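Asks: Chains as they are written, first to last, in numbering that gives the first Met the number 0: chain A, 0 to 669; chain B, 0 to 161; chain C, 0 to 314. Where is the CB? At the ideal position from N, CA and C, for every residue including glycine. In this text the structure is predicted, and so the values were computed from the model without any measurement.
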Amino acid sequence: MVGFSLALAAVAAALAMAAGAALPMRARVLWVGVLTALSAAAGGAAAVAVLAGSGTFTANYPNLFPLGGVRLEFDALSAIFVLATAVVAVPASIYGIGYSAHGPASRPVQIAFPLLVWSVMMVPAAGNVTGLIAFWELMALSSLVVVLAEHHHNTEARTAAQWYAAMTHLSLLAIVLALIVLARQAGGDSFADIRLGVHQVGPISAGVVFLLTLVGFGAKAGVVPFHVWLPRAHPEAPSHASALMSGAMVKLGVYGLVRVGWDLLGGGPVWWGAVVVVVGLVSAMFGILHALIASDLKRLLAYSTTENIGLIFIGVGAAGMFASSGNRTLAAVALAAAMLHVVNHAAFKGLLFLGAGSILSATGTRDLDRLGGLARRMPVTAATFAVGSLAIAALPPLNGFVSEWLLLQSLVHSLPSSAAVVAVAMPVAVAVVALTGGLAAATFVKAFGTAFLAMPRTAEADQAHESPRTMQIGLVALSGVCIALALAPTVFAAPLQRVALAVGGLADGRPIHTNGVYLQLSGIQAGLSPLLLAVGLMVMIVAALAVVRRGRVRRTIRDIPAWGCGRTVQTARMEYTATSFAEPLQRVFDDVLHPEIDIDVDHRTESRHYVQAIRYRMHIRDGFEHRLYLPLLAAVRRWGDRARAVQNGSIHRYLAYSLVTLIVVLVVSR
Amino acid sequence: MLKLLRKIVRTGRVTETIPHGAGPQPFLGAPDPLRGSLQVRQVDAGSCNGCEAEFAAAFGPVYDAERFGVRLVASPRHADALVVTGPVTRNMAEPLMKAWEATPGPKLVIALGDCARDCGVFAGGYGVAGSVADVVPVDLEILGCPPAPADIVAALRRIVGS
Amino acid sequence: MSATGIAVAMLQVVLTIAAAPLLVGMMRLVRARLEGRVGAPIRQPWRDLRKLLRKERMVSANTGWVFSIAPLVLLASAALVAGIVPFLSTRSALDQVGDLFAVVYLLLLGTVFLSLAGLDAGTAFGGMGASREMTIAAIAEPTVLVAIFALSVSTGSSNLGAIVAATLAHPSTAASPESLLAFAALAVVTIAETGRIPVDNPATHLELTMIHEAMILEYSGPDLAMVELAAHLRLVVFLGLLANLFVPWGIATTVQPLHLAAAAAAVAIKLVALAATIAAIEVFIAKVRLFRVPELLAASFVLAFLAVTASFFLA
């Protein structure tokens with residue numbers, strides 16, 4: 000069953016690539032979408048089978064490459080990430096049919112997209128170092144092509160692709176180094192051999208491997224300080240590809256970290272978990288603050304991905320800390336929270352990116368300050384984007400709340416039995432999770448409120464129309480997934496136990512108990528029933544409606560002007576914009592964000608007391624980009640300039656270089 | 000803080016009591032839902048602020064109109080009655096109209112002061128558009144230049160009926 | 000989930016809805032008396048609500064479905080929370096449905112919908128109120144959750160019934176440092192979240208100083224009644240949490256009618272005492288500037304953080 004599904008996924012992906020290469024434009028877009036959706040669905044079926052308990056699937060192709068073969072090992076940990084990929088890839092592919100018709104329909108993009116979907120599903124399925132690196136690089140290259148999709152008329156896309164290429168290869172370099180050291184010391188290339196031989200790896204090498212892993216996979220996951228590619232690449236890629244990259248691809252950074260750090264290496268001292276928690280905390284705070292002040296919708300979503308990956312890292316790191324200090328049951332709960340958030344985030348972030356794509360194709364802009372009033376013009380997009388916004392703000396009764404609740408439970412119940420480092424870290428972690436929760440709510444009130452509510456701020460927003468049917472199907476399907484995950488997280492009780500068992504170095508036991516309605520945690524006396532919360536809310540709404548209707552309401556008067564305090568004209572320029580909405584919070588966090596503000600005041604020529612015009616400009620830079628990367632790039636450029644002195648065009652100088660080289664070679668090789 | 004507390008205790012209650020049996024003469028035009036609860040939005044259509052001072056005094060400790068269920072609100076959407084002061088100036092005619100349109104029914108307009116009734120000394124002024132009744136339908140008039148707070152409270156009591 | 004549990008939950012919802020406007024009327028009366036006024040009768044808020052239900056509903060042309068459903072969601076979330084919080088008995092059927100975290104996030108759900116409604120009105124003040132409300136909600140969040148952390152460390156659970164039961168079983172914990180610190184932290188948050196002085200002035204008429212009022216400037220008639228009732232209800236819920244989490248005595252641990260009646264009397268006394276204290280303090284202080292509010296909330300966060308630290312190092 001699993002093998003058949005994986006084979007089907009590969010065949011469908013290959014056919015989709017062939018369709019992308021061979022068919023004419025209209026048919027190309029259609030068939031690539033359908034076949035890619037089929038491929039992702041087949042991968043999802045394999046994942047469901049493994050999570051439902053069909054056991055680990057392995058396969059071996061020893062002679063695939065000249066120097067090494069590829070082994071597949073598809074266990075529950077792989078499956079949860081493949082499931083997350085399928086959750087976003089199937090709707091995104093269908094959405095892509097309508098979306099590409101007016102945009103990225105060129106052959107390279109239509110070939111790269113199925114390849115990207117397939118390679119994202121195959122990375123977790125890889126069972127040896129060679130396979131992992133091969134699929135990893137395939138994923139990196141195909142996503143790079145997708146980021147470059149609109150480079151003809153968009154120079155930003157080129158810069159974004161350069162940043163992305165640099166970061167993704169930094170990531171590859173660190174991963175290759177880490178895995179080579181690990182494979183060599185453990186004496187084997189396949190994961191099974193590494194697990195057997197890991198005891199031969201000394202604590203120092205293990206620490207080095209772990210840190211390299213953290214850098215390599217962290218760069219892909221987009222955690223601080225490697226996040227700089229996310230807010231550049233996500234806005235420029237086609238929206239259904241952004242959905243896939245943000246919803247699924249960056250999660251593979253988490254996968255790699257858990258697989259290498261706690262499965263292959265079998266876990267380590269407390270500081271491993273602590274480092275991951277700290278990275279997660281910084282990423283969550285930094286990501287949500289920049290999402291809060293962003294007015295470019297897709298940039299906002301990209302920064303919010305950094306935040307959510309931060310939350311997942313907090314869960315993984317906390318699990319590591321608990322496991323190292325002996326509380327493996329609690330570690331299972333923290334890991335379950337992180338893994339559930341992986342799936343949930345795939346659903347709602349995919350949904351939000353698709354919604355942003357619909358806005359972009361309807362209005363031609365991603366700038367929230369130029370939108371508004373879309374709820375009337377694009378009702379389906381508005382309703383689904385609202386579901387995504389509530390979910391990502393972790394509000395009940397939607398799915399983001401369930402994983403955030405699990406995470407908070409695992410953090411809160413760590414104190415009595417643990418070490419002092421845990422006791423210091425956990426209150427900070429809870430505070431950061433809470434603050435990011437509150438700021439995420441503010442961020443998505445801003446995003447939804449300024450894009451969809453009140454009056455349109457520009458003519459483009461005024462003339463927006465609802466997107467084509469296929470795009471609506473993608474949006475509705477993903478919001479359905481969000482709601483289903485919210486109401487029935489209990490179906491994940493047994494699968495999450497299998498995931499915990501798959502990560503031998505981290506957790507054991509059954510994190511979640513359930514009787515179908517209530518969620519209960521092992522070792523923690525706390526319960527939650529998202530289903531009954533939703534039912535309760537509905538009952539209350541119906542009751543309130545009944546009472547209000549019974550009151551003798553005289554009538555409803557519609558379509559009157561809003562009360563503007565007696566102003567004679569009420570225009571969209573009086574509405575709060577995204578920037579003004581975020582201003583109070585931006586002021587609160589001035590010390591972190593360091594906004595650069597210019598105010599120019601022009602006076603009338605007659606008198607200095609009368610103002611003609613005021614110009615206000617505010618710019619907030621990404622501190623890491625500004626302070627870390629730009630100086631680094633400048634240094635590299637300086638080195639390059641200096642090296643230019645070596646090459647001055649004189650043939651005598653070049654002959655001298657050859658002579659010196661020859662002598663050096665002779666001396667060394669003697 | 001202790002000083003303030005001492006002052007509160009020493010001052011006690013300063014509200015003037017209404018003589019027993021001096022119930023209001025009911026205002027027949029008052030809609031039934033407004034009995035016992037009246038939210039008022041005050042609109043200054045161009046007054047000299049004399050009426051505002053007396054109106055504010057009607058809600059102060061001495062006259063305490065709030066004890067009869069009358070409360071000032073910030074938006075005509077929340078209001079049951081508009082209390083309009085002053086002659087309606089040209090610039091305030093449209094905002095006054097808008098405020099009246101923005102008030103959900105059943106609603107009342109109370110013209111407060113002589114100017115609101117017939118423009119008072121400002122009648123015929125170049126900036127005056129007319130009396131309140133020229134712009135919005137007036138239900139109740141409170142006379143005086145300015146009206147005494149006790150008169151204002153008495154008129155409001157006619158609407159709430161207590 | 001037993002039938003009696005559901006009955007207790009429904010009883011709590013009905014009683015808190017009935018009591019919430021009365022409590023607000025009582026607070027206004029206390030304020031009036033301290034100002035030397037007679038003040039409106041305690042039942043005045045109920046009269047106002049009844050009148051609003053009989054008025055016209057006005058919906059402006061700019062607004063859409065968010066504006067229409069926001070009052071319903073706000074009221075429903077507050078009412079659901081009123082069923083979860085242990086006002087009368089620890090045996091409410093909703094106790095296992097949601098814990099203290101669920102309560103906090105349900106209240107945030109209402110805040111989010113009201114802010115969206117403020118933006119939906121499309122007026123400058125609606126957006127301003129929404130922006131300010133979300134600012135305060137966001138920076139109050141860490142205090143609330145860390146205070147919950149402190150409470151659940153000493154009791155081993157974040158379920159409200161379990162926390163109350165633990166305090167009943169070990170009365171000395173009510174006076175422990177972590178409990179007192181967490182109480183102080185939550186009290187500050189209660190002031191901020193319910194829009195009382197010094198954070199927001201519920202009786203203001205000046206739009207530029209508004210937070211809560213600015214968001215609801217556009218609501219009228221029955222919609223306004225729901226928003227107002229929800230605001231009253233949220234006040235009672237916050238005060239009820241403060242009262243019964245830290246001083247739970249009197250609460251019923253059974254579902255016998257006699258115990259429930261006694262619990263109702265006990266919680267009424269506690270609520271009146273808390274509300275009267277808040278109303279009295281409000282007479283003595285002025286509203287602070289908006290950009291001083293984060294400092295106030297930061298101070299409350301420090302208190303909550305100290306509470307967790309105390310619960311770990313003093314345990």
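Answer with yes or no whether the minimum CB distance from Ile-308/A to chain B is below 8 Å.
Replies: Locating residue 308/A in the first sequence gives position 309, where the first residue counts as 1. Answer no: the Cβ-Cβ gap between Ile-308/A and chain B never drops below 8 Å.
Asks: What does a CB cutoff of less than 6 Å around Leu-176/A pick up in its chain, not counting 5 residues either side in sequence?
Replies: Here residue 176/A is taken as the residue at index 177 of the first sequence, counted from 1. If you ignore the 5 residues before and after Leu-176/A, its C-beta comes within less than 6 Å of the C-beta of Leu-211, all in its own chain and listed in chain order.
Asks: Counting only the same chain and skipping the five closest in sequence on each side, list residues whose C-beta sits under 6 Å from that of Ala-476/A.
Replies: Stepping through the first sequence from its first residue, residue 476/A is reached at position 477. In the same chain as Ala-476/A, and ignoring 5 residues on each side of it, the C-beta atoms closer than 6 Å to its own belong to Pro-90, in chain order.
Asks: If I follow the unbroken alpha helix (DSSP H) through Arg-614/A, where does it start and stop?
Replies: The residue you call residue 614/A lines up with position 615 of the first sequence. Unbroken run through Arg-614/A is the beta strand (DSSP E), 610 to 618; no alpha helix (DSSP H).
Asks: What's the C-alpha gap between Gly-121/C and Glu-227/C?
Replies: As a working note, residue 121/C is residue 122 in the third sequence. As a working note, residue 227/C is residue 228 in the third sequence. So the alpha carbons of these two residues sit roughly 21 Å apart.
Asks: Quickly, what does DSSP pair His-512/A with across the bridge? List them, please.
Replies: Numbered from 1 along the first sequence, position 513 holds the residue referred to as residue 512/A. Paired residues: Gln-519/A.
Asks: Based on Cα-Cα distance, which residue from Leu-289/C, Leu-259/C, Leu-305/C and Ser-153/C lies nearest to Leu-10/C?
Replies: As a first step, residue 10/C must be located in the third sequence, where it is residue number 11. Closest by C-alpha distance to Leu-10/C, out of Leu-289/C, Leu-259/C, Leu-305/C and Ser-153/C, is Leu-259/C.
Asks: At what residues does the beta strand (DSSP E) containing Arg-110/B begin and finish?
Replies: Looking up residue 110/B in the second sequence gives position 111. The sequence shown places Ala at residue 110/B, rather than the Arg named in the question. From DSSP, the beta strand (DSSP E) with Ala-110/B extends over 107 to 111.
Asks: Assuming Ala-433/A contacts Pro-141/C under a Cβ cut-off of 8 Å, what Cβ separation, rounded to an integer in Å, is found between them?
Replies: In the first sequence, the residue the question calls residue 433/A occupies position 434. In the third sequence, the residue the question calls residue 141/C occupies position 142. Right, their Cβ atoms sit about 4 Å apart.
Asks: Just tell me which of Val-163/C, Ile-215/C and Val-72/C has its CA closest to the CA of Leu-394/A.
Replies: To locate residue 394/A, count along the first sequence from 1; it is residue 395. When only C-alpha atoms are compared, the closest one is Val-72/C.
Asks: Could you spell out where the alpha helix (DSSP H) holding Leu-195/A opens and where it closes?
Replies: Working through the first sequence from its first residue, we reach residue 195/A at position 196. Residues 190 to 196.
Asks: Could you give the residue range of the beta strand (DSSP E) that holds Tyr-218/C?
Replies: Looking up residue 218/C in the third sequence gives position 219. Counting along the chain, Tyr-218/C falls outside any beta strand (DSSP E), and DSSP gives it neither H nor E.
Asks: Just curious, the beta strand (DSSP E) that Phe-73/A is in, first and last residue?
Replies: If you number the first sequence from 1, residue 73/A lands on position 74. From DSSP, the beta strand (DSSP E) with Phe-73/A extends over 69 to 73.
Asks: Please list, in chain order, the chain A residues whose beta carbon lies closer than 9 Å to that of Ser-59/C.
Replies: By 1-based counting over the third sequence, the position of residue 59/C is 60. Per Cβ cutoff of 9 Å: Arg-557, Asp-558, Ile-559, Pro-560, Ala-561 and Trp-562.
Asks: Would you identify the three-state DSSP class for Ser-649/A, choosing helix, strand or coil?
Replies: Numbered from 1 along the first sequence, position 650 holds the residue referred to as residue 649/A. If DSSP states are grouped into helix, strand and coil, Ser-649/A belongs with coil.
Asks: Would Gly-38/C count as contacting chain B if we go by Cβ distances under 8 Å?
Replies: Within the third sequence, residue 38/C is the residue found at index 39, counting from 1. Interface residue, yes.
Asks: By the three-class DSSP mapping on this structure, what secondary structure does Val-103/C have?
Replies: For this step, residue 103/C is matched to residue 104 along the third sequence. Helix.
Asks: Taking the alpha-carbon of Arg-106/A as reference, which of Met-16/A, Ala-164/A and Ser-142/A has the nearest alpha-carbon?
Replies: Here residue 106/A refers to the residue found at position 107 of the first sequence. The candidate whose alpha carbon is nearest that of Arg-106/A is Met-16/A.
Asks: Assess, as a yes-or-no matter, whether the segment 493 to 511 of chain A is touched by the segment 120 to 135 of chain C under the definition of 3 or more beta carbon pairs within less than 8 Å.
Replies: no
Asks: Tell me the rounded alpha-carbon separation between Leu-326/C and Thr-15/C.
Replies: What the structure shows of chain C is the stretch from 0 to 314, and residue 326/C is not part of that stretch, so it cannot be assessed.
Asks: Taking its Cβ as the centre, do 16 or more other Cβ atoms sit within 10 Å of Val-187/C, making it buried, or is it exposed?
Replies: Indexing the third sequence from 1 puts residue 187/C at position 188. Buried.
Asks: Runs of 4 residues minimum, wholly inside the segment 139 to 211 of chain A: which ones carry the alpha helix (DSSP H) assignment?
Replies: 154 to 185 and 190 to 196
Asks: Would you identify the three-state DSSP class for Met-57/C, choosing helix, strand or coil?
Replies: As a working note, residue 57/C is residue 58 in the third sequence. Met-57/C falls in the strand class under three-state DSSP.
Asks: Beta carbon of Met-91/B, beta carbon of Gly-45/B: below 8 Å?
Replies: The sequence position of residue 91/B within the second sequence is 92, counting from 1. The sequence position of residue 45/B within the second sequence is 46, counting from 1. Yes, Cβ-Cβ distance for Met-91/B and Gly-45/B is below 8 Å.
Asks: List, in order along the chain, the chain B residues whose C-beta lies closer than 9 Å to that of Thr-567/A?
Replies: If you number the first sequence from 1, residue 567/A lands on position 568. Simply Glu-93, Pro-94 and Lys-97.
Asks: Along the chain, where does the alpha helix (DSSP H) containing Leu-678/A start, and where does it finish?
Replies: The structure shown does not extend to residue 678/A, since chain A spans only 0 to 669, so no value can be given for it.
Asks: Measure the Cβ-Cβ separation of Leu-305/C and Leu-270/C and say whether it is below 8 Å.
Replies: Walking along the third sequence from the start, residue 305/C turns up at place 306. Walking along the third sequence from the start, residue 270/C turns up at place 271. No, they are not a contact pair.
Asks: Please give the ranges of any alpha helix (DSSP H) in the segment 74 to 119 of chain C, keeping only runs that are unbroken, at least 4 residues long and fully inside the region.
Replies: Secondary structure remark: continuous alpha helix (DSSP H) runs of at least 4 residues inside the segment 74 to 119 of chain C, in chain order: 99 to 119.
Asks: What separation, rounded to the nearest whole angstrom, lies between the Cα atoms of Gly-522/A and Thr-252/C?
Replies: The residue labelled residue 522/A in the question sits at position 523 within the first sequence. The residue labelled residue 252/C in the question sits at position 253 within the third sequence. When rounded, the distance between both Cα atoms is 24 Å.
Asks: With distances taken between CB atoms, is the gap from Leu-263/A to Leu-181/A smaller than 8 Å?
Replies: What you label residue 263/A is simply residue 264 of the first sequence in a count that begins at 1. What you label residue 181/A is simply residue 182 of the first sequence in a count that begins at 1. Their beta carbons are under 8 Å apart, which means Leu-263/A touches Leu-181/A by this criterion.
Asks: If we cut at 8 Å on Cβ distances, does Tyr-575/A have a partner in chain C?
Replies: Taking the first residue of the first sequence as position 1, residue 575/A is located at position 576. With 8 Å as the cut-off, Tyr-575/A counts as an interface residue toward chain C.
Asks: Please list, in chain order, the chain C residues whose beta carbon lies closer than 8 Å to that of Ala-73/B.
Replies: Counted from its first residue, the second sequence places residue 73/B at position 74. Ordered by position in chain C, the residues that pass the 8 Å Cβ test against Ala-73/B are Thr-203, His-204, Leu-205, Glu-206, Met-209, Glu-212 and Leu-216.
Asks: Using a threshold of 8 Å, state whether the C-beta atoms of Val-69/B and Glu-15/B are closer than that.
Replies: Taking the first residue of the second sequence as position 1, residue 69/B is located at position 70. Taking the first residue of the second sequence as position 1, residue 15/B is located at position 16. The answer is no: Cβ separation not under 8 Å.
Asks: Quick one: is His-226/A buried, meaning 16 or more other Cβ sit within 10 Å of its Cβ, or exposed?
Replies: The residue given as residue 226/A occupies position 227 in the first sequence. Flag for His-226/A reads buried.
Asks: Reducing DSSP to helix, strand and coil, say where Asp-199/C ends up.
Replies: Here residue 199/C refers to the residue found at position 200 of the third sequence. Asp-199/C falls in the coil class under three-state DSSP.
Asks: I'd like to check one pair, Leu-232/C with Ala-181/C: are the Cβ atoms closer than 8 Å?
Replies: Numbered from 1 along the third sequence, position 182 holds the residue referred to as residue 181/C. Numbered from 1 along the third sequence, position 233 holds the residue referred to as residue 232/C. No, Cβ-Cβ distance for Ala-181/C and Leu-232/C is not below 8 Å.
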